[in-house]
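Protein chains in written order, with this note's numbering: chain A, 1 to 234; chain B, 235 to 681; chain C, 682 to 1018.
Using N, Cα and C, we set each Cβ at its ideal position, and we do this for glycine too.
Take a look at the structure set out below.
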Amino acid sequence: MTFFEGKNMYAGYGATMILNGCSISVDRGKITVIVGPNGAGKSTAMKALFGMLPLSRGSVTFDGKDIVHLRPEQRVMLGMAYVPQTSNVFPSMTVLENLEMGGFIRIDDLSSTIAEIFDLFPILKTKQGQAAGELSGGQRQQVAVARALMTQPKILMLDEPTAGVSPIVMDELFDRIIDIAKMGVAIVMVEQNAKQALQIADRGFVLVQGENKFTDTGSSLLGNSEVRKAFLGG
Amino acid sequence: MKLWNQKSNKKVFLLFALMSGALLIVGFFQSWNLMLAILNLCLISAVMSLGVNLQWGYAGLFNAGIMGFAALGGLAAMLVTKAPVIGAWHAGGFGILLGMFILVVSAILAYFVWVRLEGRGKKRYWYVIFIVVIGYIISRFVLGPAIISIESFEPSSSGYLGGAGLPVLLSWFVGGLLAALVAFFIGRITLGLRSDYLAIATLGISEIVIFIFKNEDWLTRGVKNVTGIPRPVPYEIELQSSIWFQNLSEYIGIGVIQASSLFVKLCYTSLFLSVLLILLWLCEKALNSPWGRMMRAIRDNETAASAMGKDVTSRHLQIFVIGSAIVGIAGAMLVTLDGQFNPTIYHPLRFTFLIWVMVIVGGSGNNFGAILGGFVVWFFWIEAEIIGNALVQILTLPLSDSSSLKEHFLNTAPQLRLLIMGLVLLLFLRFAPRGVIPEKTLRKLSE
Amino acid sequence: MIDYINAITLLANYIIVPSLAYGSQLALGALGITMVYAVLRFSNFAHGEIMSFGTMISIFIIWLFQSIGISINPLPTALLALPFSITATIILLLILDKTVFRYYQQQRVQPVTFMIVSVGVMFFLAGFIRFLIGTSKKNFDDGERFIVKASQFKQMTGLAEGLSIRTTQAITVIVTILLVIFIFWFLNKTRTGKSMRAFSDNEDLALLSGINPERVIIITWILVGVLASVAGTLYGLDKGYKPFVYLQLVLPIFAAAIVGGVGNPIGAVAGGYIIAFSEAFITFAYKRFLTYLLPKEWAPEGLVQILSTEYKFAISFVLLVIVLLVRPTGLFRGKTL
Ligand SMILES: Nc1ncnc2c1ncn2[C@@H]1O[C@H](COP(=O)(O)OP(=O)(O)OP(=O)(O)O)[C@@H](O)[C@H]1O
Ligand SMILES: [Mg+2]
């Protein structure tokens, strides 16, 4: 049974529907990647999965439970975490404070989690006293991911974590994401760099105009000539 | 007017009829004199709220400096109509002119330097500050003695330069022009600001204008007031002594003194009403012209409008100037009605925020709404005193008549009008944010 | 040498001491305005009236204490009344939040709309306060009036210039320092304070982190209540309480907040002192000061005053306008807590 699944989702902003029956799923410790052209509704699908956008139809289940009625904060409590595509850090607060805020709902001691995160992203340890807004784009994305990890989530949702990041840093970030998945965290990730992302994906979804165009394992999508031609640039 | 449908026409008519009814009640039960006094100020308020509606309702500009423009209009009314004080001109007129000339020259110089040094960083600021400061210091040397000699010329009766001694009705135009001129400069420098900063900046600048009026006695007599400003209508005394008027009052059957006072007020009413109707006609024309539609399109979506190549700032400047001019006209009318210019009356509460309440309660974006708002809010501003008093009487019923607490609250009861206004504004914002007569929905059409 | 000391004493007496006190009052006011701006994102025109409300409650409590003979001579009774007026102001703000502000916050209305709402609140409070306490001036600075009197100082030092420090001035500065330290400690060191800063930084992300917006807003109003009632009471203690002055005070306070960088607490405090000191320096008559410093022949004849004292208030508006035009983000680049 899949660990986390949004099934047949319909949602939109106001009267305009963006999602027209799209489905996304992920298993424990696995990586799911969503790709698609700009404006396909990838970010919208993430928001819908996280309860920041009401569904007009469809369901979202987490560990077998229906969670459609839960507010985003309540989903955080359940063990979900989300890194938005834009403004995903607290710019005037230090890196350390960003992490503390990430773990705001936890009442226990945060120091061991912070230590783990510093092991994962060593650069953040050296920059912990600096305001997140002053960091480079790549460092800021690391802060964003690290912030989301502070709740020790069972599922981590990332909206374009490598946006505006150099290829080297991107590879490193992907490595970290694989590390995180290995700890048993399910990962749902939207990516512009479709080729590299699908290489590490256990499952891939190609979204077009709010609908699933292709769904398969990452490697078979990479092998699918239709997908290659239309979405991966040959 | 074509946009109007039968139903909303009826509603507007009904509301204005109700308003007239309320005024008539005051006439019958309190006094006709009071009723006309209220009506005249209602008309002036309506003109002001028409001007503010232009800025806020059409263009979404929050001008919190209304009191400054009203004061400018008032100043114009005084300067145009009062006779010049020849002695004061002899004493210091030249010095004042020279000093002003120096200030203007340094301002122009500063402006040129500002434009010329575009993109030269910090240097630009320092040069401009330097020029302004030097100009100011030199002008002080000339102005200082001139001001002293003007202000010591018959200080108890004049002590200022006086005015131009021109006809009163002209002063209303000049009031509008002066307000427009100042609005142009204020608009040039502030209209790029975010909406709430714009409010604070205009409020600040207006306060500065009024500070100057209060303190530059050679120009305004400061807090000593200028009284006896000429009228566009006959004086009561003249009427009372003229035969035709005595006959008229006898014919109607009221005392000649009361009749004269009513007659004078009615003259004002007809003048003010004409101004209001002309302005209303112009505003309606403007609102339904391509210009007005574009204004509202800009208001509703500034980014889209500027993306379409509309020059948002210059449009805003136009409407800011026009709206302020209308407020200036109203300010001049007010001083004419009062017969005196007193710079201390221009409190932001009364001359900025109250006008805001008028526009919002009446219906921002709708000229008829703004006018109705001017009437209703002014009416209640005056009558709230009675309501407040009655309220206190009821609330303090258990207290004995001699109780000092009761006496205190009866004394402070007039302050309840502020409380009532606040409550009215808050209730409208919450439950009827579009006002009594809402805007014809251009918004819906464009969506 | 003695001339220099005299000149400095003169400045201290007429500029430094009064401006430190007035600057502290502005700083506390600006801090309140800045907090509302940072968390609720609007310019609160009602802030002056909130300060006035706190002062009014202080006065009522002082009258009560005086009538039953409670005092802390030589200190003013106002210090004893402060906890009560703080509590009352907080209650007022929480009621206003529940009945008025919350609705617009949830609707996420434009800042202008929010600002007009605050004008409504300003009207309401102004009427309410003036109805309750009247419009006449009330002095409530009981206790010892001076710490150092000018004449005492002259006697002690043998200088020609005196230096007087009023009790209220000293109390104002001390209370302000303590309160500002507390606020900064709260914002930077406590979990709740940090969550406020997070909310101010990025509201959506704060929600995603499980920060409860309602709690943040309530705490903000509580801090604003503390700041406003203390600022108002200190101002009234120093200068006497006149209800309508608090309406005028809003502009210098806005000026302080904006000059420092609205939304930035450090900027608000600095802005308060900048406004107060510029007002004093620009309207000070330097004649005596220069007479001490310059050789006799050069001694100035006029007052040597940049602007006459009547323009004191206007200076803050001028500064406000200049900063808005030249550097709208303020000296300290404000935006968030
Ligand atoms: N807050 C919003 N209100 C209204 N429409 C929105 C909003 N956010 C997104 N949209 C619209 O929804 C559609 C899908 O947007 P979405 O952000 O989901 O695309 P995306 O697939 O994430 O694109 P990208 O790759 O550029 O991030 C777009 O047409 C966009 O204009
Ligand atoms: Mg996206």
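Those residues of the segment 424-438 of chain B placed with their C-beta closer than 7 angstroms to a C-beta in chain C are 427, 429, 430, 431, 433, 434, 435, 437, 438, ordered along the chain.
At least one heavy atom of ligand 1 lies less than 8 angstroms from the C-beta of residue 37 of chain A.
Sequence-distant Cβ neighbours of residue 500 of chain B in its own chain, meaning closer than 8 angstroms and more than five residues away, are 270. Interface flag for residue 82 of chain A against chain C is set, since a Cβ pair is found closer than 9 angstroms. With contacts defined by Cβ atoms closer than 9 angstroms, residue 452 of chain B and residue 326 of chain B form a contacting pair. Counting along the chain, no alpha helix (DSSP H) covers residue 164 of chain A, and no H or E run does either. In this structure, residue 87 of chain A has its CB at a distance of at least 8 angstroms from all heavy atoms of ligand 2.
When C-alpha distances from residue 403 of chain B are compared across B/353, B/564, B/479, the shortest belongs to B/564. Residues of the segment 649-666 of chain B with a C-beta atom less than 8 angstroms from some C-beta of chain C are 649, 650, 651, 652, 653, 654, 655, 656, 657, 659, 660, 663, 664, listed in chain order.
Assignment of residue 82 of chain A by DSSP, reduced to helix, strand and coil, places it in the strand class.
Against chain A, the CB of residue 872 of chain C has a partner CB under 9 angstroms away; the residue lies at that interface.
With fewer than 16 other beta carbons inside 10 angstroms of its own, residue 515 of chain B counts as exposed. In the three-state reduction of the DSSP assignment, residue 825 of chain C falls in the coil class, being assigned neither a helical nor a strand state.
A straight line joining the alpha-carbon of residue 530 of chain B with that of residue 713 of chain C spans about 35 angstroms. Residue 352 of chain B sits exposed, since fewer than 16 C-beta atoms from the chains shown fall within 10 Å of its C-beta.
Burial check for residue 267 of chain B: the Cβ neighbour count within 10 Å stays below 16, so the residue is exposed.
DSSP, read as helix, strand or coil, puts residue 853 of chain C in helix. Residue 45 of chain A is not a Cβ neighbour of residue 31 of chain A, given a cutoff of 9 angstroms. Contact between residue 145 of chain A and residue 158 of chain A holds, since their C-beta atoms are separated by about 7 angstroms, short of 8 angstroms.
Taking a C-beta cut-off of 9 angstroms against chain B, the contacting residues of the segment 802-823 of chain C are 802, 803, 804, 805, 806, 807, 808, 809, 810, 811, 812, 813, 814, 815, 816, listed in chain order. Taking C-beta atoms as the reference points, residue 496 of chain B and residue 467 of chain B fail to come closer than 9 angstroms. Runs of the alpha helix (DSSP H) spanning 4 or more residues and lying entirely within the segment 7-62 of chain A occur at 42-50, in chain order. A contact between stretches requires three or more CB pairs, one per stretch, nearer than 8 angstroms, and the segment 478-487 of chain B fails this requirement with the segment 247-255 of chain B. Its Cα nearest to that of residue 805 of chain C, the residue B/654 stands out among B/376, B/512, B/654. Here DSSP, grouped into helix, strand and coil, assigns residue 635 of chain B to coil. Ligand 1 never approaches residue 10 of chain A closely enough for any of its heavy atoms to be under 8 angstroms from the residue's Cβ. Among the residues facing chain C, residue 361 of chain B is not included, as its CB has no counterpart in that chain under 9 angstroms away.
In this structure, the beta-carbon distance from residue 813 of chain C to residue 583 of chain B does not fall below 9 angstroms.
Counted as a single uninterrupted DSSP element, the alpha helix (DSSP H) harbouring residue 882 of chain C occupies residues 872-882. Taking C-beta atoms as the reference points, residue 659 of chain B and residue 594 of chain B count as a pair closer than 9 angstroms. Runs of the alpha helix (DSSP H) spanning 4 or more residues and lying entirely within the segment 731-786 of chain C occur at 759-777, in chain order. Contact with chain B is absent for residue 982 of chain C, since none of that chain's Cβ atoms lies less than 9 angstroms from the residue's Cβ.
In this structure, the beta-carbon distance from residue 20 of chain A to residue 10 of chain A falls below 9 angstroms.
Taking the C-beta atoms as reference points, residue 724 of chain C is found nearer than 9 angstroms to residue 434 of chain B. By the criterion of at least three beta-carbon pairs nearer than 8 angstroms, the segment 794-805 of chain C is in contact with the segment 660-669 of chain B. For residue 119 of chain A, the uninterrupted alpha helix (DSSP H) segment begins and ends at 111-120.
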